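*Asks:* What follows is a structure written as C-alpha cells; I'll ask about it next.
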DNA sequence: GTCTATAGTACGATAGAC
DNA sequence: GTCTATCGTACTATAGAC
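Protein chains in written order, with my numbering: chain V, 1 to 184; chain P, 185 to 368.
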C-alpha cells in the first residue's frame, strides 16, 4: 500500500478510536510508520488531509447508492442495515468523517446532503410516502448517532453482533408496518 | 447572574456555535467577560468546567422526564417534538454536551443512557411494543443528529420554524400508524 | 520521497498582586 | 473573587539534508 493510503487509513482509525483531538499530525504519522515530514510531502497541511478523507467518503457513498438501488430486500431495509455499522469500509469512513472538526462542516454537509437526497429518493419510491420516508431516514440517522456515541469508547462487547441482529429484526417489523401503511 | 453561571453559558454557546476546538479557556473567559484567572477560580481546570456542564444537563434531563410522563399528547409525540430543537434550554444543553471531547465520553454516556432508559420506558408504555418504541427513539436521535450537524454552521434560515412544524406534522402521522399497529 | 531540526503559535495551568 | 504575568507543553508547519 502507498504511504499516502497508509496515512489516510491511520488518520481515519485515530479519528474513530480516539476522536478529533487525538488525530494530530504526529500521531497520524507515527501510526502510519512515517515521519511528520514524510506525511507533509503527501498532504501539504492538515486541511488537505481532511479533504482527502472526505473525497474518499464521497466515492464510497456513490457506490453505496448504486448498491442500494439494486438491493433485493428493498431500499429501506438496506439503509437501516447499513446504518448498523458492521465495520464495513463505508461505515468506518462515515464514522471518521463525523469526527472531523467543524471547520470542515461545510464540505462534510455538502457531501452528505448530496447522497442523503439520493437515499431519500430511493426510500420514498419504495415506501410511497414522504413522511414515512422521512421517518425511515431518521431511524437510520439515529442508528448512526448511537454508534458514533460509543465508537470512541473502543467497546465491541461480546454479544454486540447478536444484539444488532435482534434489533434489526425488530426494525424490519416496523418497516413492514410502515410499508403497508404507505401502500394505502 | 453569577460569574460562574456566565462562564458556563459562554462555554455552552461556543460549543454549539463553533465546536469543541474553539471552546478554549481564553475564548470562554473573554465571552463571559472575565479573565482566564477569574475563570480558573470557579473551575480549577477544563475538565471541571465540562463536568459542571454535564451536571447541568443531568438536572434538566430529570425535569424533562417528569414533563414527558405528564404530557397530554403522549410520550412519543413529546419526545419527537423535543428533539426538533426549538431552542429551549435543554436542547441547547444537549447540543453543547454532544460537542464535548471524547475524554468526557464516559460521563456523557452514563448521563445520557440513564435518561434514555427513562424515555424508552415511557414510550414503550404508550406504544405497547419494544421494536416500535425503539424505532421512535431512533427517530428522535436522528432529529438530534441532524440538528447537531447543522448547529455549528450558524444557520437558522427564515422558514426553519415553519419547516420544522410541517416535518413534525408528517411524523405525527407516522406515530399514529405505529401506535395503531402497537395496539394490535 | 522521506528524513531531522527547528521556528512559531496557541493552549492549559500556576503564581502572586490587589 | 478577579486580575496580570508567565511557564511548560503540544501542535502545525517550514527549511533543508539525504
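Glycine is no exception: its CB is placed at the ideal position from the N, C-alpha and C atoms. Predicted, not measured: the structure shown is a model, and the values here were computed from it.
In the DSSP assignment, find the unbroken alpha helix (DSSP H) run with residue 1 of chain V in it and report its ends.
*Replies:* By one-based count along the first chain, residue 1 of chain V stands at place 1. Note, residue 1 of chain V: premise wrong, no alpha helix (DSSP H); not H, not E.
*Asks:* For residue 299 of chain P, which of helix, strand or coil comes out of DSSP?
*Replies:* Here residue 299 of chain P refers to the residue found at position 115 of the second chain. Helix at residue 299 of chain P.
*Asks:* Three or more C-beta pairs under 8 Å: does that hold for the region 97-106 of chain V against the region 196-206 of chain P?
*Replies:* With the cut-off at 8 Å, the region 97-106 of chain V and the region 196-206 of chain P touch.
*Asks:* Given a limit of 8 Å on CB to CB distance, which residues of the region 127-154 of chain V reach chain P?
*Replies:* 130, 131, 132, 134, 135, 137, 138, 139, 140, 141, 142, 143, 144, 145, 146, 149, 150, 152, 153
*Asks:* Please report the distance separating the alpha-carbon of residue 363 of chain P from that of residue 324 of chain P.
*Replies:* Stepping through the second chain from its first residue, residue 363 of chain P is reached at position 179. Stepping through the second chain from its first residue, residue 324 of chain P is reached at position 140. Their backbone Cα atoms lie some 16 Å apart in a straight line.
*Asks:* Quick one: Cα of residue 316 of chain P to Cα of residue 174 of chain V, how far?
*Replies:* As a first step, residue 316 of chain P must be located in the second chain, where it is residue number 132. As a first step, residue 174 of chain V must be located in the first chain, where it is residue number 174. Going by the C-alpha atoms only, they are around 6 Å apart.
*Asks:* So what's residue 234 of chain P in DSSP terms, helix, strand or just coil?
*Replies:* As a working note, residue 234 of chain P is residue 50 in the second chain. Here residue 234 of chain P sits in helix by DSSP.
*Asks:* Assign residue 217 of chain P to buried or exposed, taking buried as 16 or more other Cβ atoms, counted over all protein chains shown, within 10 Å of its Cβ.
*Replies:* Start at 1 with the first residue of the second chain, and residue 217 of chain P comes out as number 33. By the neighbour-count rule (16 or more Cβ atoms within 10 Å), residue 217 of chain P is not buried but exposed.
*Asks:* Under 7 Å Cβ-Cβ, which residues of chain V neighbour residue 361 of chain P?
*Replies:* Within the second chain, the letter at position 177 stands for residue 361 of chain P. Near residue 361 of chain P (Cβ distances below 7 Å), the residues of chain V are 177, 178, 181.
*Asks:* How many angstroms separate the CA atom of residue 136 of chain V from the CA atom of residue 353 of chain P?
*Replies:* Residue mapping note: residue 136 of chain V aligns to position 136 of the first chain, counting from 1. Residue mapping note: residue 353 of chain P aligns to position 169 of the second chain, counting from 1. Cα to Cα, the separation comes out at about 15 Å.
*Asks:* Going by the beta-carbon positions, is the gap between residue 291 of chain P and residue 257 of chain P smaller than 9 Å?
*Replies:* Position 107 of the second chain, counted from the start, is the residue given in the question as residue 291 of chain P. Position 73 of the second chain, counted from the start, is the residue given in the question as residue 257 of chain P. No, they are not a contact pair.
*Asks:* Quick test of your reading: residue 240 of chain P and residue 192 of chain P, contact by CB under 8 Å. State the CB separation rounded to the nearest angstrom.
*Replies:* Numbered from its first residue, the second chain carries residue 240 of chain P at position 56. Numbered from its first residue, the second chain carries residue 192 of chain P at position 8. At roughly 7 Å, the Cβ-Cβ gap stays under 8 Å, so residue 240 of chain P and residue 192 of chain P are in contact.
*Asks:* Answer yes or no: does any C-beta atom of chain V fall closer than 9 Å to that of residue 357 of chain P?
*Replies:* Locating residue 357 of chain P in the second chain gives position 173, counting from the first residue. Yes, contact with chain V.
*Asks:* Listing by chain order, which chain P residues have their CB less than 8 Å from the CB of residue 167 of chain V?
*Replies:* Along the first chain, read from residue 1 onward, the residue named residue 167 of chain V stands at position 167. Within chain P, the residues near residue 167 of chain V are 318.
*Asks:* Does the Cβ of residue 1 of chain V have 16 or more other Cβ atoms within 10 Å, making it buried, or fewer, making it exposed?
*Replies:* If you number the first chain from 1, residue 1 of chain V lands on position 1. With fewer than 16 Cβ atoms within 10 Å of its Cβ, residue 1 of chain V is classed as exposed.
*Asks:* By alpha-carbon positions, which one of P/299, P/331, P/348, P/224 ends up nearest to residue 242 of chain P?
*Replies:* In the second chain, counting from the first residue as 1, residue 242 of chain P sits at position 58. Nearest of P/299, P/331, P/348, P/224 to residue 242 of chain P, Cα basis: P/299.
*Asks:* Examine chain P for any beta-carbon lying closer than 9 Å to the beta-carbon of residue 159 of chain V, and answer yes or no.
*Replies:* Against the first chain, residue 159 of chain V aligns to sequence position 159. No - not a single Cβ of chain P is within 9 Å of the one on residue 159 of chain V.
*Asks:* In chain P, which residues lie with their C-beta within 8 Å of the C-beta of residue 82 of chain V?
*Replies:* If you number the first chain from 1, residue 82 of chain V lands on position 82. Correct list: empty, because the minimum Cβ distance to chain P is about 14 Å.
*Asks:* When we look at the beta-carbon of residue 371 of chain P and count the other beta-carbons within 10 Å, is it buried (16 or more) or exposed?
*Replies:* Within the shown structure, residues of chain P are numbered from 185 to 368, placing residue 371 of chain P beyond reach of any answer.
*Asks:* So, are the CB atoms of residue 143 of chain V and residue 85 of chain V less than 9 Å apart?
*Replies:* In the first chain, residue 143 of chain V corresponds to position 143, counting from 1. In the first chain, residue 85 of chain V corresponds to position 85, counting from 1. Contact flag set, yes.
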